[in-house]
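Structure, as structure tokens:
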Amino acid sequence: MAAWDPLRELERLRREMDRIFEGVSPARTWSLGFLPGTAARQYPRVNIAEDADGYVVEALAPGVDPTTLDLSVKDNVLTISGEKKAPEGVRAEAFHRSERSAGRFVRAVELPDDLNAEQVKAAYTDGILRVNLPKAEQAKPRRIEIDLR
Numbered sequence: 117m118a119a120w121d122p123l124r125e126l127e128r129l130r131r132e133m134d135r136i137f138e139g140v141s142p143a144r145t146w147s148l149g150f151l152p153g154t155a156a157r158q159y160p161r162v163n164i165a166e167d168a169d170g171y172v173v174e175a176l177a178p179g180v181d182p183t184t185l186d187l188s189v190k191d192n193v194l195t196i197s198g199e200k201k202a203p204e205g206v207r208a209e210a211f212h213r214s215e216r217s218a219g220r221f222v223r224a225v226e227l228p229d230d231l232n233a234e235q236v237k238a239a240y241t242d243g244i245l246r247v248n249l250p251k252a253e254q255a256k257p258r259r260i261e262i263d264l265r
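Every number in my numbering is 116 more than the matching position in the sequence shown, counting from 1.
Pasting the structure below:
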């Protein structure tokens, strides 16, 4: 009889949850990225900040050729896709260890407010993709004057 392994049980539960949520919503992408052995992580890793005017999404994507990057915004979802090339000149069987991932990726980030998709701007510098997503006017906070009589 095999000993109970709580880590194995947690991994089994995670796989079951992944299966349950596959394809739940067409507006949401549930893909788990291309990183081998780490299905729960998504690539690229992102930071999201908000101010009164909009959002800034910074995606960590070192080694990605910026010409392969594709961005789209639809229904308050920013989708980042691209490709990270595999190392050239080394046969797969020659690796002793391979921790750097390669391949195509897609990452969808859902944002809570209406966005002005016409004004989205993006720049890629030093392996970081920075996307500025301004809020639509109706989503911005509006200052209301108080009548002091």
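Glycine included, each C-beta is placed from N, C-alpha and C at the ideal position.
Assignment of D191 by DSSP, reduced to helix, strand and coil, places it in the coil class.
DSSP places F221 inside the beta strand (DSSP E), whose first and last residues are 219-226. Bounds of any beta strand (DSSP E) do not take in P122; it lies within the alpha helix (DSSP H) bounded by 122-137. Inter-residue distance for G179 and I262 is about 53 Å (C-alpha atoms, whole angstroms). In the DSSP secondary-structure assignment, K200 is bridged to G219. In the structure shown, A168 falls within a coil segment according to DSSP collapsed to helix, strand and coil. Beta bridge pairing from DSSP links I260 with no other residue. Under the DSSP assignment, L249 falls in the beta strand (DSSP E) whose first and last residues are 244-250. In this structure, the straight-line span from the alpha carbon of K190 to that of R265 is close to 46 Å. When secondary structure is reduced to three states using DSSP, A119 falls in the coil class, being assigned neither helix nor strand.
The DSSP-derived three-state label of A175 is strand. With fewer than three CB-CB distances shorter than 8 Å, the region 236-255 does not count as touching the region 203-219.
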